[in-house]
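Student:
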Amino acid sequence: MSKVLELTKELIKKPSVTPLDEGCQDLIASRLKKLGFEINHLPFGEVSNLWATFGEGEKTLTLLGHTDVVPTGPVEKWTNGPFEPTERDGLLYGRGAADMKGSVAAFVVAAEEFCQKNPKPNGRLSIMLTSDEEGPAKDGVKKVIKHLTDQGEKIDWCLVGEPTAERKLGDVVKIGRRGSINGVIKVQGIQGHAAYPHNAENPIHTSSKALNEIVALQWPDETGKFPDSILQVSNINSGTGAHNVIPGELSLKLNVRYSPSISPQTVIDAVEGILQKYKLNFNSEWEDSGSPFLTTSTTLINSVIESISNVTGINEERSIY
Numbered sequence: 013m014s015k016v017l018e019l020t021k022e023l024i025k026k027p028s029v030t031p032l033d034e035g036c037q038d039l040i041a042s043r044l045k046k047l048g049f050e051i052n053h054l055p056f057g058e059v060s061n062l063w064a065t066f067g068e069g070e071k072t073l074t075l076l077g078h079t080d081v082v083p084t085g086p087v088e089k090w091t092n093g094p095f096e097p098t099e100r101d102g103l104l105y106g107r108g109a110a111d112m113k114g115s116v117a118a119f120v121v122a123a124e125e126f127c128q129k130n131p132k133p134n135g136r137l138s139i140m141l142t143s144d145e146e147g148p149a150k151d152g153v154k155k156v157i158k159h160l161t162d163q164g165e166k167i168d169w170c171l172v173g174e175p176t177a178e179r180k181l182g183d184v185v186k187i188g189r190r191g192s193i194n195g196v197i198k199v200q201g202i203q204g205h206a207a208y209p210h211n212a213e214n215p216i217h218t219s220s221k222a223l224n225e226i227v228a229l230q231w232p233d234e235t236g237k238f239p240d241s242i243l244q245v246s247n248i249n250s251g252t253g254a255h256n257v258i259p260g261e262l263s264l265k266l267n268v269r270y271s272p273s274i275s276p277q278t279v280i281d282a283v284e285g286i287l288q289k290y291k292l293n294f295n296s297e298w299e300d301s302g303s304p305f306l307t308t309s310t311t312l313i314n315s316v317i318e319s320i321s322n323v324t325g326i327n328e329e330r331s332i333y
């Protein structure tokens with residue numbers, strides 16, 4: 013069994029459903045400490061964060077990942093238990109095998125091998141891990157970066173281990189990301205009996221035309237590097253569940269992945285403008301969960317491309333997330 017596969021299985025066995033880490037970072041820290049890494053645990057609330065550094069050079073390369081996983085869903089629907097790593101038909105199954113304990117294991121083992129061969133590197137190698145990526149993502153990387161900045165730390169290059177392959181290992185490298193804004197819209201109506209609609213106001217009916225316009229919203233990308241910005245409704249909820257009760261409220265959740273051509277306020281103004289156009293009684297909450305960016309460091313990009321080519325023999329595709 014390869015070192016990467018062995019470590020991946022050890023990590024999968026730990027039920028680290030976000031925001032819990034369940035000992036994943038302790039396991040990794042103990043391995044890195046033996047090689048001379050300086051270990052810093054940076055907990056915030058329930059979230060575990062790890063910052064480990066090796067070397068004393070001026071420039072710092074950071075390998076970034078997360079140890080938390082999404083909830084398993086109904087366990088009885090799994091062929092094997094979600095935290096029982098299982099090999100089947102040449103594939104490894106288990107919660108987090110792809111996103112992203114396999115990747116974490118790969119770069120930890122790579123770091124171990126590098127440090128053994130280069131005990132005094134020309135620069136610093138660091139590993140940053142959080143258990144708050146799959147959840148609200150408020151007590152993880154954001155707070156770690158602020159802490160490191162306050163300490164005078166600087167990261168020159170960062171390689172994120174999130175899985176990006178589409179057909180085979182190494183075929184796609186993400187060199188940027190769209191921004192992401194989440195919205196919750198609540199449209200108020202008047203609850204009543206379905207037999208007497210004149211005494212009620214059905215928010216599903218009153219919102220229907222506005223919803224049709226909202227789902228059609230789209231903003232063209234003007235940079236030539238990103239896809240167009242699109243809106244997706246992820247949840248609609250209304251009513252008591254009874255057939256004969258007109259609901260008093262409609263709740264709508266939406267997400268927009270946006271390019272640098274627009275701002276979060278562009279999205280807010282467009283959505284709320286439509287709701288106001290139809291004179292709906294509504295309130296809204298918005299969260300900008302990530303700004304768009306594009307990597308321009310040719311040093312990092314070229315190093316990644318060369319490494320992929322040397323190991324896999326393929327020429328990758330550059331893509332924006």
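Sequence positions in the sequence shown follow the working numbering and run 13 to 333. We put the beta carbon where it would ideally sit given N, CA and C, even for glycine.
Checking 9 Å against the spacing of the C-beta atoms, do Ile242 and Val268 come in under that value?
Tutor: Contact: yes.
Student: Apply the 10 Å Cβ neighbour rule to Gly325 and answer buried if 16 or more other Cβ atoms are within range, or exposed otherwise.
Tutor: Gly325 comes out exposed.
Student: Between which two residues does the beta strand (DSSP E) carrying Ser98 extend?
Tutor: The sequence shown places Thr at residue 98, not Ser. Segment Thr98 to Arg100, the beta strand (DSSP E) holding Thr98.
Student: Work out the CA separation of Leu23 and Thr72 for me, nearest whole Å.
Tutor: So the two alpha carbons sit approximately 26 Å from each other.
Student: By the 10 Å Cβ neighbour count, where 16 or more other Cβ atoms means buried, how is Val87 classified, buried or exposed?
Tutor: Val87 should be labelled exposed.
Student: What does a CB cutoff of less than 7 Å around Gly204 pick up in its chain, not counting 5 residues either side in sequence?
Tutor: Cβ neighbours of Gly204 beyond the five flanking positions: Asn211, Ala212 and Ile258.
Student: What's the gap between the Cα of Trp63 and the Cα of Gln37?
Tutor: Their Cα atoms are separated by approximately 10 Å.
Student: In or out: Ile157 buried (at least 16 other Cβ within 10 Å) or exposed?
Tutor: With fewer than 16 other Cβ atoms within 10 Å, it is exposed.
Student: Buried or exposed for Lys113, going by 16 or more other Cβ atoms inside 10 Å?
Tutor: Buried, because 16 or more other Cβ atoms sit within 10 Å of the Cβ of Lys113.
Student: Rounded C-beta distance between Arg136 and Thr235? I'm assuming under 8 Å.
Tutor: Not quite, the Cβ-Cβ distance comes to about 33 Å (not below 8 Å), so this is no contact.
Student: Using the DSSP secondary-structure output, state which residues sit across from Arg136 in a beta bridge.
Tutor: Partner(s): Thr72.
Student: Distance check for Thr252 and Leu103, CA to CA, integer angstroms please.
Tutor: So the two alpha carbons sit approximately 44 Å from each other.
Student: Under a Cβ-count criterion, where at least 16 other Cβ atoms within 10 Å of its own Cβ denotes burial, should Leu44 be classed as buried or exposed?
Tutor: Looking at its Cβ environment, which holds 16 or more other Cβ atoms inside 10 Å, Leu44 is buried.
Student: Can you grab the Cα-Cα spacing for the pair Lys166 / Glu70, in whole Å?
Tutor: One C-alpha to the other measures close to 9 Å.
Student: Identify, in the order they occur along the chain, each residue of the same chain with its Cβ nearer than 6 Å to the Cβ of Asp144, setting aside the five sequence neighbours on each side.
Tutor: So the qualifying residues of the chain are Pro31, Val59, Asp151 and Gly152.
Student: Output the boundary residues of the beta strand (DSSP E) element that contains Asn194.
Tutor: Taken as a continuous stretch (DSSP letters only), the beta strand (DSSP E) holding Asn194 covers Gly191 to Gln200.
Student: Ignoring anything shorter than 4 residues or poking outside the region 201–267, list the alpha helix (DSSP H) runs there in chain order.
Tutor: Counting only runs of 4 or more, we get 215–227.
Student: Have a look at the DSSP bridge pairing and note the partners of Ser42.
Tutor: Answer is none; Ser42 lacks a bridge partner.
Student: Does the structure place the region 85–99 close enough to the region 159–178 that three or more beta carbon pairs sit under 8 Å?
Tutor: Output reads no: the region 85–99 does not touch the region 159–178.
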